[in-house]
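Using this note's numbering, read the sequence shown as starting at 30 and increasing by one per residue.
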Amino acid sequence: MQTDEQLRARPKRDRIRAYLGDAAMEQQEFEQTTSEQQVPKEPVDVVTVVLWMVQELQAQAWIKMGLWKDPVTDQLVTDLAQAKIAIDGVAALVEVVRPHLSDEQRREMERLLTDLRLNFVQRSSTG
């Protein structure tokens with residue numbers, strides 16, 4: 030164990046590593062790097078956040094329909110009740126932001142919803 034005086038003589042990074050240990054220091058560096066990467070450069074509008082949520086929910090719908098592998102288990106898992114909730118969530122969010130979308134974005138959202146719903150019906154009738 031080093032004395033306080035010996036620790037103070039070291040560069041700050043080395044002092045933290047000596048105090049916390051290598052694993053804790055690596056975790057701290059990872060968290061700092063991650064949080065720095067996630068800081069938006071400019072304010073994010075709510076429509077953008079809602080569209081991000083649509084993307085997340087549509088991914089969950091595909092996963093829960095068993096059409097995409099679950100990233101956690103790396104397996105195809107089917108849970109149609111959860112898929113329906115995700116699809117209904119996508120539909121509700123799209124309806125909320127519809128007035129704020131361009132014509133192209135509206136068409137894209139409609140295609141997405143149609144694809145999700147058709148695949149859900151198909152999976153429901155075969156499963």
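For every residue, glycine included, the Cβ atom is placed at its ideal position computed from N, Cα and C.
On a predicted model such as this, the values are computed, not experimentally measured, just so you know.
Closest by C-alpha distance to residue i, when choosing among the options
{"i": "V79", "options": "V125, A90 and K113", "result": "V125"}
{"i": "E85", "options": "S153, L141, Q151 and L109", "result": "L141"}
{"i": "D108", "options": "A115, K93 and D99", "result": "K93"}
{"i": "I116", "options": "P72, V76, V150 and D99", "result": "V150"}
{"i": "L122", "options": "E71, L105 and V75", "result": "V75"}
{"i": "V83", "options": "I114, Q104 and V106", "result": "I114"}
{"i": "M138", "options": "A88, V119 and L105", "result": "V119"}
Inter-residue Cα distance where the pair is residue i and residue j
{"i": "T155", "j": "D144", "result": "17 Å"}
{"i": "V101", "j": "P128", "result": "35 Å"}
{"i": "W81", "j": "R152", "result": "25 Å"}
{"i": "G95", "j": "T77", "result": "28 Å"}
{"i": "K98", "j": "L130", "result": "30 Å"}
{"i": "R146", "j": "Q87", "result": "11 Å"}
{"i": "D132", "j": "P72", "result": "24 Å"}
Which of helix, strand or coil DSSP assigns to residue i
{"i": "T102", "result": "coil"}
{"i": "R140", "result": "helix"}
{"i": "Q151", "result": "helix"}
Proximity below 9 Å, CB of residue i to CB of residue j
{"i": "A90", "j": "A112", "result": "yes"}
Any non-hydrogen atom of the ligand ZN within 8 Å of residue i CB
{"i": "R152", "result": "Only the bare structure without any ligand can be found here, which leaves the ligand ZN out of the picture."}
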